[in-house]
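Notes follow the structure.
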RNA sequence: GGUCCCAUCGUCUAGUGGCCUAGGACAUCACCCUCUCAAGGUGGAGGCACGGGUUCGAAUCCCGUUGGGACUGCCA
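In this note's numbering, the protein residues as written are 10 to 492.
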């Protein structure tokens, strides 16, 4: 019995940040390492101004997608306001709090040029009673130091004199983050607090609150083990911002990153498995992950690297799995979940699932994200390929040889045993008659049929497309006006 | 400004005093393969921020400097 209990406590103030996803993952990993580990989800929704219900759904969806199953919860911080009030009463009765009527401006004015402390303790001993504009502050310890025994960083020491008397409850009576958080963690019997490094500076305050609550309440609980994860930063080495950086988990899912890739890559942000292998399955993550081995320095979220890894994961799929995985992008009308703002290029009537099953293997090793799939195979389902004008000009429009070759191809393909091998051979011969290597000879045909100079293997594609359709497309290309 | 954290190739990292003329991955360059594009293969370039110590020996320990970051709300 480890009795280990961790919590993941996002606030629903926007889409699901990749940094949150990593914090959730690391908490989950730690919980799963113990047979009796408990992973708790708590929605910190007490800032009514910024929280929106729809974002809660986003958190739940994202967690489900990542496969981070929750043992207890989701709890809502807003459901605990009574408990918060009780904690506040207890601290008040224990003499840990005092009323303060200073405005933000007052505090700033007194500080003047000396911006050293946060709050100067002005109201500490004024013995104020509760009034319409009195916030409640916590009387922090003056002497000695508070040591955070961080599981990632080791001992971090704070001189108590540098910790100012912070506000625990607004003048309206609403209990603020630090107390609410500590109160909730006590209620949930949290043993390990694993969160971003941006909370490290706040930790001594929360430890003081925890000890004070131990003093004034009936239950003494050990201060949790803290672990502060290195921040995820952008290219400017700043903390990833929801406003400025492309960091929404949902958008990566929309683009067609696999859940397995995302989890694997996230784990590499601050941690690494032993050996030279970076592609590690979830089971290995659970086995090998250790807070002690988490890096101390911030990490840049490199989408390029994750994209490459996603390609590897896609290629690892069986053909059947790949077809299934593509569904939200190629036939979203059949799936429960579908990417936002990404309609396939074709309609339900135009799409042919049986044909897609045959086409899929041709592109499985060519895409790095599932979102790339539709554009690569549009010509199989569209009435006319989405013609790349520049490609057309180069291979057909402005190239007499190309046009001649198409004319010859139409004739040659008209009565030919229809399979990739014969088409391949026929195109070689077509080229030889014009002294063109195959790579030149296939270009006009590819362009005419697919609308592009790049794409899946041509002859296999023609075989699947069929003779009639191929001939139509070749003739259409010849009839196309030259720009 | 104060408090705290951090510092190995462009990026993510391995490295816990000798195995390091510093390993891997992404990105990048060259070549090979090849019907295009990818994928794959081979090879190349590229890093211990700086200065002092400690030690027979330092990327690894200590101090300082410089640089970056977080926090510093009656937000969470």
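Each residue gets a CB set at the ideal place from its N, CA and C atoms; glycine is no exception.
About 6 angstroms separates the beta carbon of residue 143 from that of residue 180, a gap short enough to meet the 8 angstroms contact definition. Rounded to whole angstroms, the separation of the alpha carbons of residue 293 and residue 39 is 13 angstroms. The residues 52, 54, 60, 61, 64, 65, 68, in chain order, have a CB closer than 7 angstroms to that of residue 21 in the same chain once the five nearest residues on each side in sequence are set aside. When DSSP states are grouped into helix, strand and coil, residue 49 belongs to the strand group. The beta carbons of residue 337 and residue 348 sit closer together than 8 angstroms. With fewer than 16 other beta carbons inside 10 angstroms of its own, residue 362 counts as exposed.
Selection 261, 28, 98, 49 evaluated against residue 350 yields 261 as nearest (Cα-Cα).
Around the beta-carbon of residue 353, 16 or more other beta-carbon atoms lie within 10 Å, marking it buried. Between residue 49 and residue 85, the C-beta gap is not smaller than 8 angstroms, which leaves the two residues out of contact.
In terms of CA proximity to residue 486, 397 leads the group 425, 397, 436, 176. Between residue 412 and residue 344, the alpha-carbon positions lie close to 43 angstroms from each other.
Shown here, residue 283 sits in coil according to DSSP, grouped into three states, outside any helix or strand. Our two residues, residue 429 and residue 468, have alpha carbons roughly 5 angstroms apart in a direct line.
With contacts defined by Cβ atoms closer than 8 angstroms, residue 422 and residue 480 form a contacting pair. DSSP places residue 411 in the uninterrupted alpha helix (DSSP H) bounded by 409-423. If you compare the alpha carbons of 87, 10, 24 with that of residue 256, the shortest gap goes to 24. Residues of the same chain with a CB within less than 6 angstroms of the CB of residue 322, apart from the 5 flanking positions on each side, are 267, 269, 270 in chain order. Contact annotation: residue 401 and residue 489 have beta-carbon atoms nearer than 8 angstroms. For residue 227, there is no enclosing beta strand (DSSP E), as DSSP marks it with neither H nor E. Straight across, the Cα-Cα distance linking residue 27 with residue 234 is about 24 angstroms. With fewer than 16 neighbouring CB atoms inside 10 Å of its own CB, residue 114 falls in the exposed class.
In summary, residue 317 is exposed, with fewer than 16 beta-carbon neighbours lying within 10 Å of its beta-carbon over all protein chains present. Around the C-beta of residue 463, fewer than 16 other C-beta atoms lie within 10 Å, and the residue is accordingly described as exposed. Between residue 105 and residue 147, the C-beta spacing is below 8 angstroms. CA-to-CA, the gap between residue 432 and residue 425 works out to about 8 angstroms. Taking 8 angstroms as the cut-off, the beta carbon of residue 197 is found closer than this to the beta carbon of residue 16.
By the beta-carbon neighbour count (other beta carbons within 10 angstroms, threshold 16), residue 472 is buried.
In the structure shown, residue 148 adopts coil according to DSSP, grouped into three states.
Per DSSP, residue 310 has no beta bridge partner at all.
Residue range 328-339 is occupied by the alpha helix (DSSP H) that includes residue 337. Of the residues 176, 156, 383, the one whose Cα lies closest to the Cα of residue 210 is 156.
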